[in-house]
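Numbering (the working numbering), first residue to last: 217 to 353.
We put the CB at the ideal spot given by N, CA and C, even for glycine.
Right under this line is the structure:
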């Protein structure tokens, strides 16, 4: 999961990540797992390597922006085995990974499909900001 947060509204990327992990554990009934890499030590290490792309990324520092894009590419790499679903829930059907190839059939014009098409990062952030647990961070 990659989040882009408005720093003027939310100060602690570490606490936000912890909140997301806690919510994921709640949703998965404590079966889910999350790893928060937004520690001061990790950020200092990435900065020494010239790879800082997490935390407070400033638009005045283009290399940090490029590093952030590199981090997103790494996190969203569909070929990484350890990011795929490794456990099949009992009595449930699952897919190996979330790749969907559109087959050219028309998508029905339903309320749900219109809502999905309109969903973007801004909508996602607005929904996240409505969450009580997120406001507490």
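Cβ neighbours of residue i in the same chain (closer than 8 Å, five flanking residues each side left out)
i: residue 275; result: 281
Three-state secondary structure (DSSP) of residue i
i: residue 324; result: coil
i: residue 225; result: coil
i: residue 271; result: coil
i: residue 286; result: helix
i: residue 250; result: coil
Pick from the options that is closest to residue i, judged by C-alpha positions
i: residue 236; options: 222, 225, 218 and 223; result: 218
i: residue 254; options: 328, 229 and 292; result: 229
i: residue 256; options: 327, 278, 238 and 231; result: 231
Cut-off 7 Å between Cβ atoms - residues of its own chain near residue i, not counting five sequence neighbours on either side
i: residue 283; result: 267, 268 and 269
i: residue 241; result: 248
i: residue 273; result: 280, 281 and 284
State whether the segment 259-274 contacts the segment 236-250, with contact taken as three or more CB pairs (one from each stretch) at a distance under 8 Å.
no
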